[in-house]
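2 protein chains.
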Amino acid sequence: MKAIISLSGGLDSTTCLAWAVDRGYDCYCVSFDYGQRHIREMKSARAVARYYKTPLYEIKLNFPWLKKSSLVDKNKKIPNKKYEEILKGSIPSTYVPGRNLVFASILISYADAVKADAVILGPNAIDYSGYPDCRPSFYKALSKAVKYGTEKGDIKIITPIINMSKKEIIKLAVKLKAPLHLSWSCYFGGKKPCGKCDSCKLRAKGFEEAGVKDPIL
Amino acid sequence: MKAIISLSGGLDSTTCLAWAVDRGYDCYCVSFDYGQRHIREMKSARAVARYYKTPLYEIKLNFPWLKKSSLVDKNKKIPNKKYEEILKGSIPSTYVPGRNLVFASILISYADAVKADAVILGPNAIDYSGYPDCRPSFYKALSKAVKYGTEKGDIKIITPIINMSKKEIIKLAVKLKAPLHLSWSCYFGGKKPCGKCDSCKLRAKGFEEAGVKDPIL
Numbered sequence: 001m002k003a004i005i006s007l008s009g010g011l012d013s014t015t016c017l018a019w020a021v022d023r024g025y026d027c028y029c030v031s032f033d034y035g036q037r038h039i040r041e042m043k044s045a046r047a048v049a050r051y052y053k054t055p056l057y058e059i060k061l062n063f064p065w066l067k068k069s070s071l072v073d074k075n076k077k078i079p080n081k082k083y084e085e086i087l088k089g090s091i092p093s094t095y096v097p098g099r100n101l102v103f104a105s106i107l108i109s110y111a112d113a114v115k116a117d118a119v120i121l122g123p124n125a126i127d128y129s130g131y132p133d134c135r136p137s138f139y140k141a142l143s144k145a146v147k148y149g150t151e152k153g154d155i156k157i158i159t160p161i162i163n164m165s166k167k168e169i170i171k172l173a174v175k176l177k178a179p180l181h182l183s184w185s186c187y188f189g190g191k192k193p194c195g196k197c198d199s200c201k202l203r204a205k206g207f208e209e210a211g212v213k214d215p216i217l
Numbered sequence: 218m219k220a221i222i223s224l225s226g227g228l229d230s231t232t233c234l235a236w237a238v239d240r241g242y243d244c245y246c247v248s249f250d251y252g253q254r255h256i257r258e259m260k261s262a263r264a265v266a267r268y269y270k271t272p273l274y275e276i277k278l279n280f281p282w283l284k285k286s287s288l289v290d291k292n293k294k295i296p297n298k299k300y301e302e303i304l305k306g307s308i309p310s311t312y313v314p315g316r317n318l319v320f321a322s323i324l325i326s327y328a329d330a331v332k333a334d335a336v337i338l339g340p341n342a343i344d345y346s347g348y349p350d351c352r353p354s355f356y357k358a359l360s361k362a363v364k365y366g367t368e369k370g371d372i373k374i375i376t377p378i379i380n381m382s383k384k385e386i387i388k389l390a391v392k393l394k395a396p397l398h399l400s401w402s403c404y405f406g407g408k409k410p411c412g413k414c415d416s417c418k419l420r421a422k423g424f425e426e427a428g429v430k431d432p433i434l
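Sequence lines, in order, name chains Y and V. Residue 1 is where the first sequence starts when you use the working numbering, and the numbers rise one by one after that. Residue 218 is where the second sequence starts when you use the working numbering, and the numbers rise one by one after that.
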C-alpha cells in the first residue's frame with residue numbers, strides 16, 4: 001500500500017506519518033513552502049522524514065493573495081487568545097485561504113500519478129483554531145471529487161486524527177514512538193516556541209492533559 | 218460580482234472569459250505554467266487578458282510527478298488518433314494527473330482570499346479527450362467541498378461550456394466577439410498548430426461544423 005502524506009513538521013502531521021508507517025504504508029511525504037512565517041517547520045519536516053527514511057518533496061507555492069493571512073504576512077498581528085477563546089469557532093486571522101484544499105489537491109495529483117492507494121492528512125477538528133478546511137464535511141466532499149475527477153478514482157482520503165483531542169493525539173504519538181522531539185508547532189519561526197500563539201497553546205494543553213513533557217521545551 | 222477565471226489561452230477558456238465579461242463579472246484571471254510543452258499558450262493567455270484589460274496572475278507549479286503525462290514529458294509521444302477515437306472515452310497519455318483539481322483549488326484559494334463570488338473554469342465533457350476531471354460530477358462534488366472548506370463558503374463553481382459541443386462553443390465565442398485570433402490550442406508549442414494532436418483535431422472539427430474559419434490558420 002502506497003500513501004502520499006502531507007508533512008508540515010508539526011505535531012499532528014508527524015503523528016499521522018507515524019500512524020501510516022505503523023499501518024504498513026509505503027510513505028511518500030510532501031511539505032509546502034507557502035510563505036508561512038514559521039518556515040522553520042520545514043526543517044522539522046526534513047528531520048522527521050529522515051527519521052522515517054521516507055522521501056520528501058518540498059513544494060513551493062507563491063500565491064500573492066495568501067498575504068491576507070497573518071500566518072503569511074509578517075506585518076499582520078498573530079492573535080494571542082486565551083485557550084477557551086481559541087475553541088469558540090470563529091475563524092482567526094491565521095487562516096490561510098483554501099490552504100488545505102490546495103495541499104490536498106496537490107497530494108491527490110501526486111497519488112493519481114503514482115497510483116497511490118491513499119492520501120493522508122492531519123487536520124483536526126477538536127482542539128483546533130476553527131479553520132473551515134479542518135472539518136470532516138470538507139474531506140467527505142473532497143473524497144467524492146477525487147472519485148470522479150482522477151484517473152485512479154479509488155484514492156482514499158484519510159484523516160487519522162481529525163476527531164481526536166490534542167491529548168489523544170499526543171498519547172497516540174507516544175505509543176507509536178513518533179519523533180515529537182523533532183516536531184515544531186509555533187506560528188513564530190523563532191529559536192524557541194513563543195508559548196503565546198494558538199498553536200503553542202493547543203500543544204501545551206495537549207501535553208499537560210496527556211501527562212507528558214513536551215520534548216522540545 | 219467578482220470572478221476568478223482560469224485562462225489557459227486556449228479556445229475554451231478564452232470563450233469562458235468572454236462569457237464572464239458579457240455577464241458583467243469583474244474578472245481576475247490566472248494561468249498556470251505546469252511544465253506543459255505548449256507553454257506557448259501562456260503568450261495567448263497574456264494577449265487575451267490584455268484584450269479584455271483583466272489582471273492576470275501567472276502561477277508556476279513545479280511538480281516532478283507531472284512528467285508522467287505526455288503533455289509535460291517531451292520524451293513521451295503525443296497520440297495521433299482519428300477524431301472518432303478521441304471521443305471514445307479512454308484516458309489518453311496527455312492526461313495530467315489531478316490538473317483541474319489543482320487548478321480549481323488554487324482559484325478557490327484566490328476567491329476565498331478576495332471574497333469573489335465565483336470561480337469560472339472551461340472544462341468540456343462533450344468534444345473532449347476523456348479526461349476524468351472534465352466531467353460535471355467532479356465539479357458538483359468540488360462545489361460541496363468549497364461550501365464546507367472555505368471561509369466564504371458561497372463561492373460558485375461555474376463551468377459555462379461543460380455541456381456544449383465544440384461547434385456550440387465556437388458559435389458562442391463568435392457571438393460574444395471573443396478574440397479567438399489570439400487563442401492557442403495545439404499541444405505542440407510550435408509556430409503553427411500541428412493539426413494532428415487531439416486538441417487540434419477537436420478544434421478543427423468545431424470550426425468546420427460551426428461554418429467559421431479558424432482565424433489562427
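We treat Cβ as the ideally placed atom computed from N, Cα and C, and that holds for glycine.
CB-CB under 7 Å to residue i, same chain, minus the five flanking residues each way: which ones, in chain order?
i, result
"V:Phe417", "Note that residue 417 of chain V is Cys in the sequence shown here, rather than Phe. Only Ser402, Cys403, Pro410, Cys411 meet the Cβ criterion."
"V:Lys285", "Pro314"
"V:Asp290", "Lys284"
"V:Ser346", "Ile303, Pro309, Thr311, Asp415"
"Y:Ile170", "Gly206, Phe207, Ala210, Val212"
"V:Ser360", "Ile374"
"V:Lys384", "Gly423, Glu426, Ala427"
"V:Leu288", "Gln253, Arg254, Thr311, Val313, Tyr404"
"V:Arg257", "Trp401, Gly406"
"Y:Lys76", "Ser70, Ser93"
"Y:Tyr51", "Pro179, Leu182"
"V:Ser354", "none"
Mapping the DSSP letters down to three states, classify residue i as helix, strand or coil.
i, result
"Y:Ser129", "coil"
"Y:Ser70", "coil"
"Y:Ser31", "strand"
"Y:Val174", "helix"
"Y:Ile4", "strand"
"Y:Ile169", "helix"
"V:Ile337", "strand"
"Y:Tyr110", "helix"
"V:Tyr268", "helix"
"Y:Glu58", "strand"
"V:Ile243", "With the sequence shown as reference, residue 243 of chain V is identified as Asp, and Ile is not the correct amino acid for it. Looking at V:Asp243 - three-state DSSP - the assignment turns out to be strand."
"Y:Ile216", "coil"
"Y:Ile158", "strand"
"Y:Leu87", "coil"
"Y:Trp184", "coil"
"V:Met259", "helix"
"V:Ser360", "helix"
"V:Asn297", "coil"
"V:Pro281", "helix"
"Y:Ser93", "coil"
With C-beta atoms as the reference, is residue i less than 8 Å away from residue j?
i, j, result
"V:Ser400", "V:Leu234", "no"
"V:Leu338", "V:Thr376", "yes"
"V:Val336", "V:Ala328", "yes"
"Y:Leu61", "Y:Tyr34", "yes"
"Y:Ala116", "Y:Ile4", "yes"
"Y:Ala141", "V:Ala321", "no"
"Y:Glu251", "Y:Ser31", "Residue numbering for chain Y in the displayed model covers 1 to 217; residue 251 of chain Y lies beyond these limits and cannot be assessed."
"V:Asn317", "V:Ile379", "no"
"V:Asp243", "V:Leu393", "no"
"Y:Trp19", "Y:Leu172", "yes"
"V:Asn297", "V:Lys408", "no"
"V:Ile323", "Y:Phe63", "yes"
So, at 6 Å on beta carbons, what are the nonlocal neighbours of residue i in its own chain, with the 5 sequence-adjacent residues on each side left out?
i, result
"V:Pro272", "Tyr245"
"Y:Ser165", "Ile126, Asp127"
"Y:Arg37", "Lys74, Gly189"
"Y:Val146", "Ile108, Ile155"
"Y:Tyr148", "none"
"V:Lys270", "none"
"Y:Pro139", "A quick correction: the sequence has Tyr, not Pro, at residue 139 of chain Y. Cβ neighbours of Y:Tyr139 beyond the five flanking positions: Ile157, Thr159."
"Y:Thr14", "Val48, Ala178, Ser183"
Could you name the residues of the same chain whose beta carbon sits closer than 8 Å to that of residue i, not counting the 5 residues immediately before and after it, in chain order?
i, result
"V:Val391", "Leu397, Ala427, Val429"
"V:Ile433", "Leu397, His398, Ser400, Trp401, Pro410"
"V:Tyr300", "Lys418, Leu419, Lys422"
"Y:Gly24", "Met1"
"V:Gly370", "Val363, Lys364"
Tell me which residues of the stretch 25–47 of chain Y have at least one Cβ-Cβ distance to chain V shorter than 7 Å, keeping chain order. none
Mind checking the stretch 131–161 of chain Y against chain V and listing, in chain order, the residues whose C-beta falls within less than 7 Å of any C-beta there? Pro132, Asp133, Arg135, Ser137, Phe138, Ala141, Leu142, Lys144, Ala145, Tyr148, Gly149, Thr150, Glu151
Closer than 7 Å, Cβ to any Cβ of chain Y: which residues of the stretch 318–345 of chain V, in chain order? Leu318, Val319, Ser322, Ile323, Ile325, Ser326, Tyr327, Asp329, Ala330, Val331
Along the stretch 62–75 of chain Y, where does the CB come closer than 9 Å to a CB of chain V? Name the residues. Asn62, Phe63, Pro64, Trp65, Leu66, Lys67, Lys68, Ser69
Interface positions of the stretch 394–410 of chain V facing chain Y (Cβ-Cβ less than 7 Å), listed along the chain: none
Is the number of C-beta pairs between the stretch 129–144 of chain Y and the stretch 29–48 of chain Y that are closer than 8 Å three or more? no
Residues within the stretch 83–97 of chain Y neighbouring chain V, beta-carbon criterion of under 9 Å: Ile91, Tyr95, Val96, Pro97
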